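For the sequence shown, this note's numbering gives the first residue as 1074, with consecutive numbering after it. Glycine included, each C-beta is placed from N, C-alpha and C at the ideal position. Keep in mind the model is a prediction, meaning the values are calculated, not measured.
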Amino acid sequence: TVLEKGLHSSNGEKDILWINNNEIRCYNPIDKKVLNNSVFERKYSDSNIIQSWGKLDIKNKPLWINECKESVAVALCKNAVVVAQKDKIMTLNLQDGKIIWEQPLPESPVNWGLAVDSNGNILVTLKNGEVLCFGQKKY
1074 TVLEKGLHSS NGEKDILWIN NNEIRCYNPI DKKVLNNSVF ERKYSDSNII QSWGKLDIKN
1134 KPLWINECKE SVAVALCKNA VVVAQKDKIM TLNLQDGKII WEQPLPESPV NWGLAVDSNG
1194 NILVTLKNGE VLCFGQKKY
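As structure tokens, this is what we get:
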């Protein structure tokens, strides 16, 4: 059984870990050896390779932690983390974890239904089939 699931992402200046769809931890760049030591491959007789995760042994304390209960998707950007939760979407300042912006959603987002384009527009796909775009209005 899986006790903890996590997603690691890096923008080169900061690393985040999204743990169990409930928490985001932000770190200065995590040593690649630490990350590599937590992953290993298992080969099975039918030539399938499955990557298994061990426990991450990060010695440094996180710069900040944000409890984002029931989050379904995250995206790491240059200066912020975008988090989609069941009832809202929000952005967190990458330096201190404080909320920059949040917006209620009319419907729950689908799992992993979040993207940020090169202009910083946030796209979220909802369970009712709608796709919402949040960004600066262009005149």
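Burial state of C1099 (16 or more Cβ within 10 Å): By one-based count along the sequence shown, residue 1099 stands at place 26. When all chains shown are included, C1099 counts as buried.
For this session: Leaving out five residues on either side along the sequence, give the residues of the same chain with a beta carbon under 8 angstroms from the beta carbon of G1079.
Result: Numbered from its first residue, the sequence shown carries residue 1079 at position 6. Closer than 8 angstroms at Cβ, skipping near neighbours: L1090, W1091, I1092, N1093, W1126, L1129.
| request: Report the three-state DSSP secondary structure of K1105 (helix, strand or coil). | output: Numbered from its first residue, the sequence shown carries residue 1105 at position 32. Three-state DSSP puts K1105 in a helix.
For the putative contact between S1181 and L1165, defined by C-beta atoms under 8 angstroms, what is the C-beta separation to the nearest angstrom?
-> Locating residue 1181 in the sequence shown gives position 108, where the first residue counts as 1. Locating residue 1165 in the sequence shown gives position 92, where the first residue counts as 1. About 20 angstroms separates the two Cβ atoms, so there is no contact after all.
With DSSP as the reference, label N1166 as helix, strand or coil. As a working note, residue 1166 is residue 93 in the sequence shown. In the structure shown, N1166 sits in a strand (DSSP, three-state: E or B).
Exercise. When DSSP builds the beta bridges, which residues end up paired with Q1176?
Worked result: Position 103 of the sequence shown, counting from 1, holds the residue named residue 1176. DSSP, once it has assigned bridges, lists I1162 as partnering Q1176.
Using only the heavy atoms of the ligand NAD, determine whether one of them is closer than 7 angstroms to the beta carbon of N1166. Of ligands this structure carries none, so the ligand NAD is not represented either.
### Contacting residues, own chain, Cβ-Cβ under 6 angstroms from A1148 (five flanking each side not counted)
The residue given as residue 1148 occupies position 75 in the sequence shown. Result list for A1148: V1155, L1187, V1189, in chain order.
May I ask which residues mark the beginning and end of the beta strand (DSSP E) holding C1099?
For this step, residue 1099 is matched to residue 26 along the sequence shown. Start and end: 1096-1100.
query: Based on Cα-Cα distance, which residue from D1169, K1132, S1083, N1201 lies nearest to P1179?
result: Counted from its first residue, the sequence shown places residue 1179 at position 106. The residue with the shortest Cα to Cα distance from P1179 is N1201.
Any idea if C1150 is buried or exposed, counting beta-carbon neighbours within 10 angstroms, 16 or more meaning buried? Position 77 of the sequence shown holds residue 1150. By the 10 Å Cβ count, C1150 comes out exposed.
| query | Could you check where the beta strand (DSSP E) with G1186 kicks off and where it finishes? | reply | Along the sequence shown, one-based indexing puts residue 1186 at 113. Unbroken beta strand (DSSP E) run through G1186: 1182-1189.
**Q.** Of the residues A1157, Q1176, K1106, N1192, the one placed nearest K1142, counting alpha carbons only
**A.** Along the sequence shown, one-based indexing puts residue 1142 at 69. It is A1157.
- Task: To the nearest angstrom, report how far apart G1208 and N1101 are at their CA atoms.
- Result: As a position in the sequence shown, residue 1208 is number 135, starting the count at 1. As a position in the sequence shown, residue 1101 is number 28, starting the count at 1. Rounded to the nearest angstrom, the two C-alpha atoms are 28 angstroms apart.
Residue closest to W1174, alpha-carbon to alpha-carbon, out of Q1168, N1184, K1161, V1204 | For the purposes of this step, residue 1174 is taken as the residue at position 101 of the sequence shown. Comparing Cα positions, the closest option is K1161.
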